[in-house]
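Okay, structure first, notes after.
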Amino acid sequence: MKYTIVCTTIFVPKFLESYCKNIEKYGHKDNVKFYIIPDKKTPPEAAGEADIYRSRGFNINYVELSAQKKYLDRFPILKGKIPYNSDNRRNIGFLMAYEDGANVLISIDDDNYVLEDHDFILAHSVCGKEDSFDVIESSSGWFNTCELLEVNPSINIFPRGFPYRIRRGSPGPEISSKKENAKIGINLGLWTKDPDIDAISRNFMDFQISAWKNKSLVFGKNTWIAVNTQNTSLVRELIPAFYYVRMGFDIGGTKIDRFGDIMAGYFCQKIAKSLGYSIRVGSPICEHKRTPHNLFDDLYHEWAGIVLLEDVTLWLEQIELEGETVKDIYRSLAQKLNEQADRFDGYLWNDQSRDFIREISSCMITWIEAIDIIDSGTDRQNG
22 MKYTIVCTTI FVPKFLESYC KNIEKYGHKD NVKFYIIPDK KTPPEAAGEA
72 DIYRSRGFNI NYVELSAQKK YLDRFPILKG KIPYNSDNRR NIGFLMAYED
122 GANVLISIDD DNYVLEDHDF ILAHSVCGKE DSFDVIESSS GWFNTCELLE
172 VNPSINIFPR GFPYRIRRGS PGPEISSKKE NAKIGINLGL WTKDPDIDAI
222 SRNFMDFQIS AWKNKSLVFG KNTWIAVNTQ NTSLVRELIP AFYYVRMGFD
272 IGGTKIDRFG DIMAGYFCQK IAKSLGYSIR VGSPICEHKR TPHNLFDDLY
322 HEWAGIVLLE DVTLWLEQIE LEGETVKDIY RSLAQKLNEQ ADRFDGYLWN
372 DQSRDFIREI SSCMITWIEA IDIIDSGTDR QNG
């Protein structure tokens with residue numbers, strides 16, 4: 022099995038120490054490749070940090086800006102679609118992992134540190150595995166993954182991107198479990214210390230995650246979760262459906278950001294469900310040492326995403342897709358999203374937000390065209 026870890030960073034990649042130590046400890050060194058994607062803000066000494074672990078025999082690919090440009094030149098259709106100074110650069114690593122033949126893609130954030138007593142790769146190796154699991158369904162159609170964490174003090178929190186319409190109401194949804202065969206397409210690892218929640222919650226609540234409840238869950242086709250890219254893996258077949266959505270558009274007096282991974286997670290989750298894959302949440306656990314943020318600035322950038330996702334996720338739950346292959350189904354999703362843009366109505370739905378949805382659709386189609394180039398080898402044939 023080939024496991025490829027992709028991470029963007031604008032810092033010196035100190036996280037490499039914990040991952041490399043863990044990978045070596047549990048005997049995965051020969052099966053793991055890293056793609057570290059720096060940006061214009063990344064300090065020059067970041068490359069030296071990667072060199073340290075490469076010299077110790079780890080397969081570390083630190084993709085300098087010049088190498089990123091050269092790689093993207095092979096995909097003229099992507100010109101201007103993957104901007105600098107953006108977490109959207111992660112798409113470069115995703116394409117490289119796919120072209121490399123990764124069996125499992127693992128996306129991490131540079132402020133997540135793997136715990137010493139958790140076999141990181143073994144936990145993510147569940148991707149692609151088919152077995153009998155206790156499969157969970159929720160009466161609301163949604164599950165709050167933060168329920169698998171011990172919160173100190175004990176309060177109810179929800180992951181970033183979890184719809185507010187589902188958060189309301191008490192008691193919560195009824196949860197049922199049934200033993201059945203399931204094939205895992207996406208595995209979402211959780212975190213201790215600082216959870217991935219939205220800026221609304223962060224601005225009025227002070228807490229930390231003291232522990233994981235030592236429970237991993239597999240979800241059925243009718244139950245949704247919020248998926249990010251902090252500590253998330255997916256099986257190779259789903260990589261073409263994991264375009265990291267471009268942000269940075271003006272909507273309602275704000276500039277949308279910080280939801281590219283969340284939207285990518287929902288779209289990929291829809292494709293996974295369409296193909297009969299299940300989603301697993303739990304291990305491996307990382308410690309989230311969150312980098313400093315201005316929470317009001319975060320809220321400014323998250324506001325439009327929080328609002329628009331209320332309607333986009335409701336639409337996703339209901340839409341039927343066509344196609345047999347992952348690429349065809351993803352194209353179907355992109356086309357239907359474009360058609361839906363004019364039908365979205367309500368608060369913050371205006372020309373700007375509808376254009377944003379159309380742009381997402383266009384980028385999704387372009388992403389599949391880039392995957393087609395890799396699959397056909399067209400760029401190599403042409404020079």
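According to our numbering, numbering within the sequence shown proceeds without interruption in unit steps and concludes at 404.
Even for Gly, the Cβ is constructed at its ideal location relative to N, Cα and C.
**OP:** Can you have a look at Pro313 and say buried or exposed, based on whether 16 or more other CB atoms are within 10 angstroms of its CB?
**Re:** With fewer than 16 other Cβ atoms within 10 Å, it is exposed.
Original post:
Alpha carbon to alpha carbon, how far is Val33 from Ile196?
Top reply: Near 43 Å, if we compare the C-alpha coordinates of Ile196 and Val33.
Original post:
If you draw a straight line from the alpha carbon of Tyr47 to that of Asp140, how long is it in whole angstroms?
Top reply: Just so you know, the alpha carbons of Tyr47 and Asp140 end up roughly 6 Å apart.
**OP:** State the DSSP-derived secondary structure class of Gly344, mapped to helix, strand or coil.
**Re:** Correct three-state label for Gly344: coil.
**OP:** Provide the residue span of the beta strand (DSSP E) that contains Asn82, from first to last.
**Re:** Segment Asn80 to Tyr83, the beta strand (DSSP E) holding Asn82.
Subject >> Sequence-distant residues of its chain with Cβ nearer than 6 Å to Ile260 (five each side left out) >> reply: Cβ neighbours of Ile260 beyond the five flanking positions: Tyr119 and Leu126.
Original post:
For Leu211 versus Val302, is the C-beta spacing smaller than 8 Å?
Top reply: Cβ distance < 8 Å, so Leu211 and Val302 count as in contact.
**OP:** Identify whether Ser191 lies in helix, strand or coil by the three-state DSSP scheme.
**Re:** The three-state reading of DSSP puts Ser191 in coil, since its state is none of H, G, I, E or B.
Original post:
By DSSP, does Ser160 sit in helix, in strand, or in coil?
Top reply: Coil at Ser160, not helix or strand.
**OP:** Check the C-beta distance from Cys384 over to Arg267 and give it rounded, since I have them as a contact under 8 Å.
**Re:** Yes, they are in contact, since the Cβ atoms of Cys384 and Arg267 sit about 6 Å apart, within 8 Å.
Original post:
According to DSSP, is Arg301 helix, strand or coil?
Top reply: Strand at Arg301.
Original post:
Residues bridged to Ser128 by DSSP?
Top reply: DSSP lists Val27 and Thr253 as partners of Ser128.
Original post:
Going along the chain, which residues of its own chain have a beta-carbon closer than 7 Å to the beta-carbon of Ser161, five neighbours each way excluded?
Top reply: Within the same chain, Ser161 has close Cβ partners Ile187 and Pro194.
Subject >> Where Asn202 falls, given that 16 or more other Cβ within 10 Å makes a residue buried >> reply: Label assigned to Asn202: exposed.
Original post:
Assuming Arg111 and Tyr265 make a contact with CB atoms under 8 Å, what is their CB distance in whole Å?
Top reply: Contact check for Arg111 and Tyr265: beta-carbon distance about 5 Å, within the 8 Å limit, so the pair qualifies.
Subject >> Rounded C-alpha distance that separates Val333 from Leu296 >> reply: Going from the Cα of Val333 to the Cα of Leu296 covers about 20 Å.
**OP:** Would you kindly work out how many angstroms separate the C-alpha atoms of Trp163 and Ile73, rounded to a whole number?
**Re:** Rounded to whole angstroms, Trp163 to Ile73 spans 43 Å at the Cα level.
Original post:
Can you check whether the CB of Asp227 is closer than 8 Å to the CB of His309?
Top reply: No. Outside cutoff.
Original post:
How far does the beta strand (DSSP E) with Trp212 in it reach, from first residue to last?
Top reply: First-last of the beta strand (DSSP E) with Trp212: Ile196 to Lys214.
Original post:
What residues in its chain sit with their C-beta under 8 Å from that of Ile157, if we drop five residues either side in the sequence?
Top reply: Counting only Cβ-Cβ distances below 8 Å, and skipping sequence neighbours, we find Phe164, Ile196, Ser197, Ser198, Leu238, Val239, Phe240, Gly241 and Thr244.
**OP:** Could you spell out the range, first to last residue, of the beta strand (DSSP E) harbouring Phe240?
**Re:** For Phe240, the enclosing beta strand (DSSP E) starts and ends at Leu238 to Phe240.
Original post:
In terms of residue numbering, what span does the alpha helix (DSSP H) encompassing Asn317 cover?
Top reply: The residue you asked about is not Asn; residue 317 is Phe in the sequence shown. Start and end: Leu316 to Gln339.
Original post:
Do Ile381 and Gly326 have their C-beta atoms closer together than 8 Å?
Top reply: Between Ile381 and Gly326, the C-beta spacing is not below 8 Å.
Subject >> Outcome for Trp336 when other beta-carbon atoms lying within 10 angstroms are tallied against a minimum of 16 >> reply: Under this definition Trp336 is an exposed residue.
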